[in-house]
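Numbering (our numbering), first residue to last: 133 to 415. Here a beta-carbon is modelled for each residue, glycine too, at the ideal position from N, C-alpha and C. The structure presented is a predicted model; accordingly, all values stated were derived computationally and were not measured. To keep things clear, I will list the structure first and then write my remarks on it.
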Amino acid sequence: MYKIIDGKVISASVKERVKCEVEKLKQNGISVGLAVIIVGEDPASKVYVANKKKACEALGIISEEYALPENTTMQELLALIDTLNKKPTVNGILCQLPLPKHLDEQMVINAISPEKDVDAFHPANVGKIMQGDFDFVPCTPAGIMEMLDYEGIDIAGKTCVVIGRSNIVGKPMGMLLLHKNGTVTICHSKTQNLKEVCASADILVAAVGRPNFVTADMVKENAVVIDVGINRVDGKLVGDVNFDAVKDKCSAITPVPGGVGPMTIAMLMQNTVTAAKKQNKVI
Ligand code: NAD
Numbered sequence: 133m134y135k136i137i138d139g140k141v142i143s144a145s146v147k148e149r150v151k152c153e154v155e156k157l158k159q160n161g162i163s164v165g166l167a168v169i170i171v172g173e174d175p176a177s178k179v180y181v182a183n184k185k186k187a188c189e190a191l192g193i194i195s196e197e198y199a200l201p202e203n204t205t206m207q208e209l210l211a212l213i214d215t216l217n218k219k220p221t222v223n224g225i226l227c228q229l230p231l232p233k234h235l236d237e238q239m240v241i242n243a244i245s246p247e248k249d250v251d252a253f254h255p256a257n258v259g260k261i262m263q264g265d266f267d268f269v270p271c272t273p274a275g276i277m278e279m280l281d282y283e284g285i286d287i288a289g290k291t292c293v294v295i296g297r298s299n300i301v302g303k304p305m306g307m308l309l310l311h312k313n314g315t316v317t318i319c320h321s322k323t324q325n326l327k328e329v330c331a332s333a334d335i336l337v338a339a340v341g342r343p344n345f346v347t348a349d350m351v352k353e354n355a356v357v358i359d360v361g362i363n364r365v366d367g368k369l370v371g372d373v374n375f376d377a378v379k380d381k382c383s384a385i386t387p388v389p390g391g392v393g394p395m396t397i398a399m400l401m402q403n404t405v406t407a408a409k410k411q412n413k414v415i
């Protein structure tokens with residue numbers, strides 16, 4: 133019998149922890165602030181930003197939203213980031229991606245002060261993750277580690293396979309599993325015998341962006357399967373894992389929706405509090 137790893141329950145426990153930390157900081161005269169920049173009119177980005185704002189409000193984090201027009205220049209965006217880097221009441225800065233095509237995403241990421249980079253995309257933070265000595269972890273992989281920990285799933289010595297090698301999910305996911313002593317393989321679109329590699333995994337993480345990509349023959353008996361995918365099929369949210377076909381082979385599996393998704397915002401809140409603590413030398 134498989135267990136559903138419930139992202140709603142686990143993210144609620146993370147948020148409760150963050151809320152307590154925010155309150156404790158407030159009692160010591162320290163406020164926690166997150167600045168979110170959004171450029172243009174992308175509807176999905178607008179929803180994500182609204183959800184982040186709502187989460188901040190619920191946890192006592194002060195959120196500032198900077199909604200810039202589609203035709204914002206690189207110079208204007210960098211000037212705003214520079215102002216926010218210097219603003220003491222802003223502990224975390226997040227620039228919602230993707231940006232309009234005329235803007236250089238990497239240049240924007242590089243401009244955010246590493247101390248305020250709560251997405252952990254800045255090269256300094258990426259390097260720290262490689263070294264295993266980090267303050268911030270990209271929110272989605274961080275959320276998955278939190279889920280595994282909450283469920284008491286031991287990683288040490290396990291065969292871990294991550295499908296997808298993006299900078300946001302796949303690569304940092306692989307590093308975090310490695311730091312917990314997993315034996316890690318990262319697969320991608322050029323991987324040969326993908327099925328066999330996946331079917332060897334005790335812990336399988338799918339971050340591909342293709343609906344129902346992972347089928348039963350790719351899953352080992354009693355594997356833990358983590359589905360990162362968010363795909364829209366006929367207006368319905370569908371993961372990268374064919375849940376119904378795979379679930380009976382798993383010891384535990386995340387659903388979509390209600391799995392990894394809710395964890396991402398919770399970990400952003402966690403990173404923002406960590407930033408505030410570091411900047412105020414509380415940790
Ligand atoms: P991406 O497009 O940047 O990366 C996809 C990866 O999948 C690539 O590395 C590619 O090599 C690999 N891939 C593509 N086709 C493949 C194939 N046939 N075989 C093996 N590998 C293949 O995507 P991403 O940003 O990493 O996101 C992946 C998915 O996770 C998307 O559905 C995205 O919406 C979702 N996502 C969810 C959350 C969340 O909070 N739940 C957060 C980020 C991303």
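Buried versus exposed, by CB contacts within 10 Å (16 or more), residue i
i, result
"residue 358", "buried"
"residue 299", "exposed"
"residue 273", "buried"
"residue 278", "buried"
"residue 133", "exposed"
"residue 372", "buried"
"residue 319", "buried"
"residue 223", "buried"
"residue 158", "exposed"
"residue 189", "exposed"
"residue 213", "buried"
"residue 173", "exposed"
"residue 347", "exposed"
"residue 254", "buried"
"residue 402", "buried"
"residue 271", "buried"
"residue 350", "buried"
"residue 443", "Shown here, the chain extends from 133 to 415; a query on residue 443 therefore has no answer."
"residue 201", "exposed"
"residue 249", "buried"
"residue 228", "buried"
Ligand 1 heavy atom lying under 8 Å from the CB of residue i
i, result
"residue 427", "Since the first residue shown for the chain is 133 and the last is 415, residue 427 is missing from the structure and cannot be characterised."
"residue 319", "yes"
"residue 259", "no"
"residue 277", "no"
"residue 345", "yes"
"residue 390", "no"
"residue 372", "yes"
"residue 361", "yes"
"residue 367", "no"
"residue 204", "no"
"residue 75", "Summary: the structure shown does not reach residue 75, with the chain confined to residues 133 through 415, and so no result is reported for it."
"residue 177", "no"
"residue 322", "yes"
"residue 298", "yes"
"residue 336", "no"
"residue 351", "no"
"residue 271", "yes"
"residue 396", "yes"
"residue 342", "yes"
"residue 393", "yes"
"residue 326", "yes"
Residue span of the alpha helix (DSSP H) that contains residue i, given as start and end
i, result
"residue 303", "302 to 311"
"residue 146", "139 to 159"
"residue 198", "Careful: residue 198 lies outside any alpha helix (DSSP H), inside the beta strand (DSSP E) at 194 to 200."
"residue 338", "Where residue 338 is concerned, there is no enclosing alpha helix (DSSP H), although the beta strand (DSSP E) it sits in stretches over 335 to 338."
"residue 288", "Segment: none, residue 288 is in no alpha helix (DSSP H) and carries neither H nor E."
"residue 405", "392 to 411"
"residue 240", "237 to 243"
"residue 275", "271 to 282"
"residue 174", "Per DSSP, residue 174 belongs to no alpha helix (DSSP H) and is neither H nor E."
"residue 355", "Counting along the chain, residue 355 falls outside any alpha helix (DSSP H), though it belongs to the beta strand (DSSP E) covering 355 to 359."
"residue 209", "206 to 218"
"residue 260", "255 to 263"
"residue 327", "326 to 330"
"residue 376", "375 to 378"
Cβ separation of residue i and residue j, assumed to be a contact under 8 Å, to the nearest whole Å
i, j, result
"residue 166", "residue 143", "Actually they do not touch by this definition, with Cβ atoms about 17 Å apart."
"residue 305", "residue 276", "6 Å"
"residue 336", "residue 293", "5 Å"
"residue 360", "residue 301", "6 Å"
"residue 171", "residue 209", "7 Å"
"residue 267", "residue 410", "6 Å"
"residue 256", "residue 269", "Wrong, their Cβ atoms sit about 13 Å apart, outside the cutoff."
"residue 405", "residue 148", "About 12 Å; that fails the 8 Å criterion."
"residue 340", "residue 382", "No, residue 340 and residue 382 are not in contact; Cβ-Cβ is about 18 Å, not under 8 Å."
"residue 261", "residue 307", "5 Å"
Limits of the unbroken beta strand (DSSP E) element including residue i
i, result
"residue 363", "363 to 365"
"residue 383", "382 to 385"
"residue 162", "It is not in any beta strand (DSSP E) - residue 162 carries neither H nor E in the DSSP assignment."
"residue 368", "368 to 370"
"residue 226", "224 to 227"
"residue 318", "315 to 319"
Residue i: CB within 8 Å of a non-hydrogen atom of ligand 2
i, result
"residue 295", "Summarising the ligand content, the structure contains ligand 1 and does not contain ligand 2."
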